[in-house]
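Chains as they are written, first to last, in the numbering used here: chain R, 15 to 258; chain H, 81 to 370.
Every residue gets a Cβ at the ideal spot worked out from N, C-alpha and C, and that includes glycine.
Accompanying notes for the structure given below.
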Amino acid sequence: MIRLDNVTKEFPTGTTALSEVTFSIDKGEFVFLVGPSGSGKTTLFRLITREMKPTSGEIHIGAWNIGKLTDRHIPNLRKSIGVVFQDLKLLRDRTIFENILLPLEVAGVAESETTQKVDAILEQVGIAEHRDKFPIQLSGGELQRAAIARALVFSPEILLADEPTGNLDTTTSWEIVKLLQDINKSGTTILMATHNTDIINNLLKRVLVLEKGKLINDNKKSKETKEQDKHEDKKEPDKKEEEK
Amino acid sequence: MKHARESWKHIRRTPHQALAAVTIMVLTFLTVSVFTFLIFGSSAIIKHFESKPQATAFFKDEAKPEEIAKLEENLKQTGKVSRTRFVTKSQALQIYEEQNKDDRLLLDLVTEDILPASLEISTYEIEDLTEISETLKGSPIISEVVYQRDIVDTLSNWTNAIRVIGVTIVIILTVVSIFIMMIIIGFKVSQKKDEIEIMKLLSATDWYIRLPFVLEGIFYGIAGTVIGWTIASVGLLLATPFLESFLKGISILPVSPVFLILLLFVELIIATALGVVASSLAVRRYLKVK
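In structure tokens form, the structure reads like this:
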């Protein structure tokens with residue numbers, strides 16, 4: 015679903031945000047992306063949504079090769095990826111309903127279809143009663159739900175969530191994670207950037223660890239390696255016995 | 081329709097900026113209309129004078145008909161003369177009587193004997209008039225040559241000056257109006273910078289973002305044109321009775337409604353293009369966000 019091959023991103027200032035990052039995420043996986051601030055998590059998201067191009071390496075999202083994607087096709091790519099931005103990016107002068115409607119409006123979906131769809135998503139994320147309120151009237155958790163609702167409006171195959179629990183209390187954070195888990199169960203691949211070790215440790219999902227732009231740990235690989243080692247360890251005693 | 085609603089919202093929320101944009105467009109298209117009237121009007125006046133006999137040669141009383149016929153033939157042979165008309169003494173009196181029919185005293189004073197016979201001459205090119213007039217002046221049977229080259233020359237100079245001044249002012253105003261519209265629309269775009277960025281991230285195409293601003297530019301252009309054209313046309317219609325008495329005999333007034341509608345149509349096309357150019361330039365830099 016998502017595949018990065020030796021992806022490096024250098025900025026004109028000389029900063030290297032990502033350095034030779036390689037990993038792949040299968041369809042339907044729920045993966046955490048961890049790392050301190052400035053480790054390259056947001057840059058990775060921006061590369062996946064083609065806000066920027068990698069300096070070297072290749073990124074594949076489904077059938078798209080991001081590096082070779084022409085400007086004309088960017089909107090199509092973005093329809094297949096829902097993004098919950100770190101700063102939410104909700105428009106302050108529009109109601110929650112209008113904010114969630116925006117991607118559909120932008121895509122030119124007929125008004126007759128949009129109202130029903132938006133209402134259903136509001137119901138799904140649990141903020142239907144805040145439909146006609148403005149973002150300033152909602153709490154942090156409710157705003158996060160609104161941002162998730164907007165990301166889901168195209169029923170995307172991939173959902174990128176950039177620190178969706180960043181400014182929330184523990185209870186609300188867990189509510190958001192539970193909502194993301196439900197979305198994942200319906201088949202959506204989720205890549206969630208977070209600092210929250212409590213959530214990571216409790217959920218026991220795959221974790222990618224970034225540090226100074228380098229992927230220093232991928233517990234899927236570790237598991238695979240461990241399983242391979244175990245497998246080899248099992249074989250070795252047999253061999254020893256045979257030798258005896 | 082949705083984009084038009086969005087544009088109207090932009091305009092409604094910033095009425096002073098909209099007023100400034102419309103005002104500069106009114107000024108531009110009022111000037112375009114006024115100078116169009118002046119250029120077409122003065123061209124028509126020149127045409128009128130050029131179609132009139134351009135030189136009149138008055139014969140001495142002793143000139144014999146065969147001498148006059150010979151002179152007329154010589155003129156035609158130059159190939160430069162388009163038309164000649166011989167006016168006898170009695171025809172001259174008729175013309176004089178027609179021109180002064182309201183003044184009994186002038187009519188009583190003049191008889192056929194006093195008025196000379198004359199030859200009216202038109203040339204294909206007005207520049208040839210001097211040469212023809214000099215030839216006529218050298219003839220022993222001609223007493224005097226009167227020609228309108230000076231009037232036409234002066235009018236031509238004025239028309240050219242009006243053209244140059246008009247085109248210069250219109251170009252300056254067009255550039256200024258593009259800049260003012262760019263500043264006004266650019267300001268609105270910069271206010272919506274975050275919204276544009278979000279829309280791009282939510283898969284909006286460049287045209288989706290550009291269109292409401294382009295429509296806003298077109299609105300300013302069209303509103304300015306309609307107002308500017310209306311002011312100029314109403315002004316011209318009100319001035320028509322005065323101009324008619326001033327331009328007696330020159331058939332350019334009243335101005336044809338077809339001409340006015342055609343002018344409005346051309347101005348609307350130009351205004352739409354101006355609106356599109358100015359707004360597209362204003363939005364362009366904000367669309368560089370991928």
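Three-way DSSP call (helix, strand, coil) for residue i in this model
{"i": "residue 39 of chain R", "result": "strand"}
{"i": "residue 107 of chain R", "result": "coil"}
{"i": "residue 87 of chain H", "result": "helix"}
{"i": "residue 23 of chain R", "result": "strand"}
{"i": "residue 99 of chain R", "result": "coil"}
{"i": "residue 142 of chain H", "result": "coil"}
{"i": "residue 33 of chain R", "result": "strand"}
{"i": "residue 83 of chain R", "result": "coil"}
{"i": "residue 145 of chain R", "result": "coil"}
{"i": "residue 103 of chain H", "result": "helix"}
{"i": "residue 53 of chain R", "result": "coil"}
{"i": "residue 370 of chain H", "result": "Because residue 370 of chain H carries a pLDDT of 47, less than 50, the predicted location of this residue cannot be relied on, and the following value inherits that uncertainty. DSSP places residue 370 of chain H in coil when its eight states are reduced to three."}
{"i": "residue 93 of chain H", "result": "helix"}
{"i": "residue 112 of chain R", "result": "helix"}
{"i": "residue 28 of chain R", "result": "coil"}
{"i": "residue 283 of chain H", "result": "coil"}
{"i": "residue 189 of chain R", "result": "helix"}
{"i": "residue 196 of chain R", "result": "helix"}
{"i": "residue 183 of chain R", "result": "coil"}
{"i": "residue 67 of chain R", "result": "coil"}
{"i": "residue 177 of chain R", "result": "coil"}
{"i": "residue 158 of chain H", "result": "coil"}
{"i": "residue 121 of chain H", "result": "helix"}
Range of the contiguous beta strand (DSSP E) that encloses residue i
{"i": "residue 138 of chain H", "result": "135-139"}
{"i": "residue 165 of chain H", "result": "161-167"}
{"i": "residue 229 of chain R", "result": "228-232"}
Residue j beta carbon less than 8 Å from that of residue i
{"i": "residue 256 of chain H", "j": "residue 293 of chain H", "result": "no"}
{"i": "residue 204 of chain R", "j": "residue 37 of chain R", "result": "no"}
{"i": "residue 301 of chain H", "j": "residue 362 of chain H", "result": "no"}
{"i": "residue 56 of chain R", "j": "residue 176 of chain R", "result": "yes"}
{"i": "residue 111 of chain R", "j": "residue 146 of chain R", "result": "yes"}
{"i": "residue 73 of chain R", "j": "residue 21 of chain R", "result": "yes"}
{"i": "residue 194 of chain H", "j": "residue 137 of chain H", "result": "no"}
{"i": "residue 110 of chain H", "j": "residue 258 of chain H", "result": "no"}
{"i": "residue 91 of chain H", "j": "residue 275 of chain H", "result": "no"}
{"i": "residue 152 of chain H", "j": "residue 164 of chain H", "result": "yes"}
{"i": "residue 162 of chain R", "j": "residue 118 of chain R", "result": "no"}
{"i": "residue 59 of chain R", "j": "residue 214 of chain R", "result": "no"}
{"i": "residue 230 of chain R", "j": "residue 223 of chain R", "result": "yes"}
{"i": "residue 91 of chain R", "j": "residue 64 of chain R", "result": "yes"}
{"i": "residue 102 of chain H", "j": "residue 358 of chain H", "result": "no"}
{"i": "residue 186 of chain R", "j": "residue 154 of chain R", "result": "yes"}
{"i": "residue 360 of chain H", "j": "residue 89 of chain R", "result": "no"}
{"i": "residue 306 of chain H", "j": "residue 112 of chain H", "result": "no"}
{"i": "residue 104 of chain H", "j": "residue 243 of chain H", "result": "no"}
{"i": "residue 107 of chain H", "j": "residue 253 of chain H", "result": "yes"}
{"i": "residue 168 of chain R", "j": "residue 93 of chain R", "result": "yes"}
{"i": "residue 135 of chain H", "j": "residue 201 of chain H", "result": "yes"}
{"i": "residue 179 of chain R", "j": "residue 190 of chain R", "result": "yes"}
{"i": "residue 182 of chain R", "j": "residue 158 of chain R", "result": "yes"}
{"i": "residue 298 of chain H", "j": "residue 100 of chain H", "result": "no"}
{"i": "residue 156 of chain H", "j": "residue 203 of chain H", "result": "no"}
{"i": "residue 239 of chain H", "j": "residue 325 of chain H", "result": "no"}
Opposing strand residues paired with residue i [DSSP bridges]
{"i": "residue 46 of chain R", "result": "R:206 and R:221"}
{"i": "residue 172 of chain R", "result": "R:95 and R:203"}
{"i": "residue 72 of chain R", "result": "R:19"}
{"i": "residue 78 of chain R", "result": "R:75"}
Residue i - containing alpha helix (DSSP H), residue span
{"i": "residue 166 of chain R", "result": "154-166"}
{"i": "residue 125 of chain R", "result": "125-139"}
Short CB-CB distance (under 8 Å) between residue i and chain C
{"i": "residue 288 of chain H", "result": "Of the protein chains in the structure, R and H, none is chain C."}
Would you mind listing the alpha helix (DSSP H) stretches within the region 177-247 of chain H that are 4+ residues and don't spill past its ends, in chain order? If one requires a minimum length of 4 residues, the alpha helix (DSSP H) runs lying completely within the region 177-247 of chain H are 184-189 and 209-217, in chain order.
Which residue spans inside the region 293-362 of chain H form an unbroken alpha helix (DSSP H) run of at least 4? none
What alpha helix (DSSP H) runs, 4 residues minimum, are completely inside the region 251-276 of chain H? Within the region 251-276 of chain H, no complete alpha helix (DSSP H) run reaches 4 residues.
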